[in-house]
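Peer 1: If you scroll down you'll find the structure; I have some questions about it.
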Amino acid sequence: MDVLHLERLPLAKPYPQQVDHIEALLLRDPLVLWKPRVLVDWAGVGRPVLDMFLERPALRFTEGVVITAGRETTAIPAGWSALKVELVGKLQALLHSQQLKIPRAMPEAAVLSRELHDFRVRYTEAGHATFNAREGAHDDLARALALAVFGLSRPEFAIAADLKVAREWR
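Residue 858 in this note's numbering sits at position 10 of the sequence shown; the count goes up by one each step and never skips.
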């Protein structure tokens, strides 16, 4: 697997502008022909952001992903409830086996490399594993890459292909 695009949007950029930006990326060749699937972190403010995505024809192949510490990854009306350990595990496996290629010349490659290096596993008192950047560090590029790898590992859509289920649910 090759990472073909990596970009960190400014932290203060409003969500509607972020959706505009992603839509513009997906309307470029060759992506406009591929109709790529988009996975959105559905936690926190994610539900209204997912709604913004689904309102755009070019972004209709968007699914929400709730990242949990639960027992199994399951389909939900918005997309997926995914185990964080699965997301991180798949990403780590690809990196360790050198099956995931991140071109060093890519503008954010060094930032992503730092984020992946700073990603830590901690265990709660109950024995549950938690995965986060070290304190004070960002991990948004690493999380985005983990979502992309998760999407590739689960090529089926969690919701109906024509998204009727998602529209009825909203």
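Think of the CB as a built atom: it goes at the ideal place given N, C-alpha and C, for glycine as much as any other residue.
From the DSSP output, in three-state form, read off residue 887 for me.
Peer 2: strand
Peer 1: Return the residue from the list 941, 917 and 892 that minimises the CA-CA distance to residue 972.
Peer 2: 917
Peer 1: Using 8 Å as the threshold, is the C-beta distance between residue 831 and residue 949 below it?
Peer 2: Residue 831 falls outside the range modelled here, since the chain spans only 849 to 1018, and no answer is possible.
Peer 1: Does the CB of residue 993 have a neighbour CB from chain B at under 8 Å?
Peer 2: Going by chain labels, chain B is absent from the structure shown, which holds only one protein chain.
Peer 1: Nearest-angstrom Cα distance between residue 920 and residue 989?
Peer 2: If I take the Cα positions, the gap works out to 24 Å.
Peer 1: With DSSP run on the structure shown, which of helix, strand or coil describes residue 850?
Peer 2: strand
Peer 1: Give the DSSP-derived three-state secondary structure of residue 917 in the structure shown.
Peer 2: coil
Peer 1: Return helix, strand or coil for residue 950, following the three-state DSSP convention.
Peer 2: coil
Peer 1: Report the rounded CA-to-CA distance for residue 877 versus residue 849, giving the unit in angstroms.
Peer 2: Roughly 20 Å separates the two Cα atoms.
Peer 1: Measure the alpha-carbon distance for residue 930 versus residue 987 and round it to whole angstroms.
Peer 2: One C-alpha to the other measures close to 17 Å.
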